[in-house]
Structure formats: C-alpha cells, structure tokens
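Take 52 as the starting number for the sequence shown in our numbering and just add one per residue. All C-beta atoms, glycine included, are put in the ideal place defined by N, C-alpha and C. For clarity, every value in this text was computed on a predicted model and none was experimentally measured. Just below is one structure, and these are the notes that go with it.
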Amino acid sequence: QVRLVESGGGLVQAGGSLRLSCAASGTIFSINVMGWYRQTPGKQRELVATITHGGSTNYADSVKGRFAISRDNAKNTVYLQMNSLKPEDTAVYYCKVTIPGRWPPDYWGQGTQVTVSS
C-alpha cells in the first residue's frame, strides 16, 4: 500500500509564490518518476513537471522558468516551487509517483487547490 500526502496549496496573489510538497509512505523500495499534474474544471489533467530518480526534469512550456521541481529520495518526497504565479495557474495540483515492479505502477495524491488571484 502506498499513500501520498500533498500539502502547500492555497490562495496567493498574482506574482506570488507557493511551494507544494508530496510525501509518499508505505512499502516503497524505490520510486522511479515523481511528478506534478494539474486540472481545472472541464479540462483534462495536464502535466506540470516530472523528475526522475536521478534528477532529470521535464516541464510544461507554460511553467518553464517559473516552476522548479525537486525531490528528496531519502524522504520519498517531491516538491514544486512555484514562482511568478499567474491566474491561469489556478487548478487542483496532483502528485504522481511511478514505482517499479508494481502493477499498476502509478499512484496519485488526493490533490491540493492552488488559487491565484489577479
């Protein structure tokens, strides 16, 4: 059983910053990819950023230069530092982890609301 607990969402003014955290717990020997996704009502969930166990990162074009993803492998935790936030960043943010050797391999957090006011 794997449990993901997210924290750090909230309300912020445009131009502000937030830091999201997602901690994975349970019987985990290794986590391959950790990532953040977001979803707004009526739209599909979209990728925000991912990071591999070795630290390689990938970002959506819309957040490049503003968001930074990082992870602490010892704590099975992934972070998303969000700077220069825009109203269009408003969404529910979900973390996802991929664990090798499991089926299905992907686990999702419960989501945390981020609201950016103009």
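Coil, strand or helix - residue i by DSSP
i, result
"V114", "helix"
Bridge partners - residue i, DSSP secondary structure assignment
i, result
"G77", "V53"
"L98", "Y88"
"G61", "V165"
"L69", "M133"
"S121", "Y130"
"W159", "K147"
"N109", "T101"
Proximity of residue i and residue j at Cβ, strictly below 7 Å
i, j, result
"V72", "G93", "Looking at the sequence itself, residue 72 is Ser, so the reference to Val does not match. Not a contact, by the Cβ cut-off of 7 Å."
"V84", "T149", "yes"
"K147", "D157", "yes"
6 Å Cβ shell around residue i - same chain, five flanking residues per side excluded
i, result
"T91", "A142"
"A74", "V56 and T128"
"L98", "Y88 and A111"
"I120", "A100, I102, T108 and L131"
"R117", "N134 and S135"
"G86", "T101 and K147"
"G162", "V143 and Y145"
Cβ shell of residue i (< 8 Å), same chain only, five flanking positions each side left out
i, result
"V63", "L69, L136, V165, T166, V167 and S168"
"P151", "S81 and N83"
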